[in-house]
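Here is the structure we will look at, set down as structure tokens.
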Amino acid sequence: KTKHPPLGMLCPSRKIPSNHHSPLDSQYHLRKRKERFIEWDQFEHSPKRPRVEAEHSAGVLEEDVAGFHRANDAAADVHDSFLEKIRPAQVFTPTMDEFANALQYIRDHVVPRVYLDGICVIRPPKEWKHQIVFPVDRLIPLRPQELSDRIVDSKGSGLASISVDDPLVASLQLSIRVADRLDWISATSREKVERATILRNCSAKQLPRHVSEAEQQKIYWKWFRTQHTRLNKVFYANDVEGSAFPLPTFESVRNPCSSATSDWNLNILPLKSVLGACGSKIPGVTSPMKYIGMKHSTFTWHYEDSQMYSASFHHHGADRTWYGVPHRAARKFEHVVRDHVFHHFVDNDTVRLLLGKTTMFTPVFLQQHKVDVVTQTQRAGDFVITLPKAYHCGFSHGFNICEASNFALADWFPHLQRTTGEFRRIARSCVIKEEELIILSCEPYLDPMYRKNHGRPSLELMQAMKRLYCSQKRLQNRLSESLKLVSKSLGVHIVSGDSNSESCELCNYACYVSKLSCGCSSSIYCLYCHFIPASSCRCQIWTLLCKYDLAGMKCIMESLGWSSSKDSDSGAIRGSHCSQVDAYRIK
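For the sequence shown, the UniProt record's numbering puts the final residue at 587, and the numbers step up evenly by one.
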């Protein structure tokens with residue numbers, strides 16, 4: 001007989017709860033199996049299967065459970081066959097000369113060929129020397145990834161498998177939260193005996209046989225479909241500030257193959273791109289963050305903040321599988337997710353949930369709905385580049401250390417202005433301030449010496465500045481007309497050059513060039529939302545705070561080399577550069 005400790009006693013591995021039942025208690029396990037099966041069967045909509053009642057005999061229950069598992073196995077086989085048909089993303093293997101200039105290589109070689117894929121893998125040349133720098137004495141908080149039991153299909157029924165006749169999507173809300181009691185890993189706190197045990201257990205002879213990339217995907221999605229019935233926990237140390245790339249030294253400066261001074265160093269790449277004009281350090285955007293994962297650690301469907309480019313480098317450990325949807329299929333992707341996953345939400349809520357990085361589902365579901373999907377495996381030493389608004393997700397095959405940051409090319413400015421408008425409509429603040437970045441990118445060209453050394457700005461930057469100028473001109477004219485309708489006056493201030501962006505009270509739009517305020521409140525409003533507060537406020541005088549009036553913006557555009565006689569400032573609101581304190585009224 002197997003002896004069990006008294007209730008409430010401590011076992012070497014766990015504490016026995018007060019409601020503990022013996023594994024030999026067959027009636028208890030039979031009852032629990034019935035409850036689980038009945039719970040699943042309540043969602044079944046097929047007329048071929050009768051409902052399983054609690055009074056069914058054990059023999060009937062065993063037969064139904066066996067049939068259920070056979071159906072699941074058949075559905076898994078069909079799912080795996082579709083999984084093998086996903087198109088692979090491109091892998092680039094540049095030479096050392098091509099690899100020397102990161103932004104130029106991405107602009108000239110990657111972007112034209114990866115536009116139809118959205119993501120790609122860049123495998124550095126063998127001459128490129130990379131060294132990982134990871135502090136072993138620093139504590140790293142582990143965050144458990146908990147999969148909530150939410151499985152839906154196109155009919156709104158909750159099911160536990162994927163069928164061929166009625167394609168389903170296993171949509172699990174992945175809620176990443178910091179545990180109430182953080183688990184910490186510290187290499188310095190382990191005893192020598194424990195370290196020796198780990199090294200012995202991880203020796204090459206005892207590692208499992210190599211599993212192919214296709215098999216890894218099948219294992220993950222099988223685990224994913226059955227995760228709601230298991231108690232396994234997956235930990236993921238994501239968003240750990242800092243980089244594992246080495247810092248430049250005297251020796252590395254003289255070595256062109258060193259990763260310490262390379263453009264591909266994720267500490268350097270964002271600063272040499274368009275984002276270098278931001279001036280401030282934004283963790284995960286202009287400065288990298290590390291991601292330390294274990295087997296089945298998941299990053300869910302999302303695209304980068306403000307639709308930026310992203311670069312992810314795999315420092316060490318097991319491979320990672322990526323799935324990507326190109327920008328040209330992003331709208332269809334959102335429609336399919338809205339109709340079949342979040343069918344009870346509207347468009348804005350669907351986008352907000354996807355931006356929250358909380359939703360994961362199989363790419364086979366997208367493939368069945370004619371959404372273009374690609375996949376690729378990232379190995380140690382590989383870069384993965386994602387293009388603007390390319391939805392992507394993935395998982396780890398085992399323990400690994402990666403890091404990622406964002407960057408931007410000149411062709412990204414239209415994406416920035418588009419995503420700013422989308423975020424403004426759902427009252428979500430942008431990580432990158434559109435107006436501020438455009439102005440700060442243009443300001444260096446006011447210096448003749450800078451123009452002499454760097455040449456003319458890119459055409460995309462000039463077009464972005466022109467769109468900003470035309471937008472401000474249109475909004476200020478509309479503001480003047482709107483205030484006349486409600487019999488209110490407008491004062492104009494030219495504010496100092498040290499002011500930063502402020503968020504609109506209503507839509508969270510980052511106001512940098514101009515912002516609106518009234519005398520009875522300290523709130524700031526953007527020119528897009530001006531009519532809502534103006535029509536309800538009792539204050540008769542409103543103030544337009546301008547960092548640049550239209551004349552100043554036009555001077556910047558002329559410094560960029562743009563001129564047009566068609567644009568006239570007649571009827572536009574102007575501020576005096578000489579008077580920075582006194583305001584005047586326009587009636």
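For every residue, glycine included, the Cβ atom is placed at its ideal position computed from N, Cα and C.
Values in this document were obtained by computation on a predicted structure and should not be read as measured data.
Locate the alpha helix (DSSP H) running through residue i, then write down its first and last residues.
i	result
A551	L550 to S559
E241	It is not in any alpha helix (DSSP H) - E241 instead sits in the beta strand (DSSP E) that spans V234 to E241.
C546	Careful: C546 lies outside any alpha helix (DSSP H), inside the beta strand (DSSP E) at I541 to C546.
T226	E213 to T226
I438	E434 to C442
L269	L269 to K272
Taking the DSSP output, what are the residues bridged to residue i?
i	result
S405	A311
R320	Q378 and S396
S517	T543
Y391	V325
I385	C120 and A311
Q417	Its beta-bridge partners do not exist; DSSP assigns none.
F92	I122
For a test of the three-state rule: what should DSSP assign to residue i, helix, strand or coil?
i	result
A102	helix
S429	coil
H335	helix
V110	helix
K290	strand
P283	strand
C529	coil
T362	coil
W301	strand
L506	coil
S458	coil
Q131	coil
S258	strand
I524	coil
C511	strand
Using only the alpha-carbon positions, how far apart do residue i and residue j sit?
i	j	result
E403	A311	8 angstroms
V373	W301	12 angstroms
E241	E304	17 angstroms
D108	Y309	15 angstroms
P248	S517	47 angstroms
T362	E502	40 angstroms
N500	Q368	47 angstroms
H415	L440	18 angstroms
S559	S514	21 angstroms
G421	I541	28 angstroms
M553	S280	23 angstroms
R424	F531	16 angstroms
K332	V114	19 angstroms
D80	K218	6 angstroms
G284	C504	25 angstroms
S186	I140	Confidence in S186 is poor, its pLDDT being 44 and thus under 50, which makes the residue's placement unreliable; the coordinate value appears in the next sentence. Distance between the alpha carbons of S186 and I140 is about 7 angstroms.
D239	N477	44 angstroms
Y525	L479	12 angstroms
P246	V384	20 angstroms
Q376	G324	9 angstroms
C257	G561	38 angstroms
V336	I426	20 angstroms
R123	S521	56 angstroms
F82	H296	20 angstroms
Ends of the beta strand (DSSP E) at residue i?
i	result
I119	I119 to I122
I86	It is not in any beta strand (DSSP E) - I86 carries neither H nor E in the DSSP assignment.
Under 6 angstroms from any heavy atom of the ligand SAH, does the C-beta of residue i make it?
i	result
K433	The ligand content of the structure shown is nil, which means the ligand SAH is not present either.
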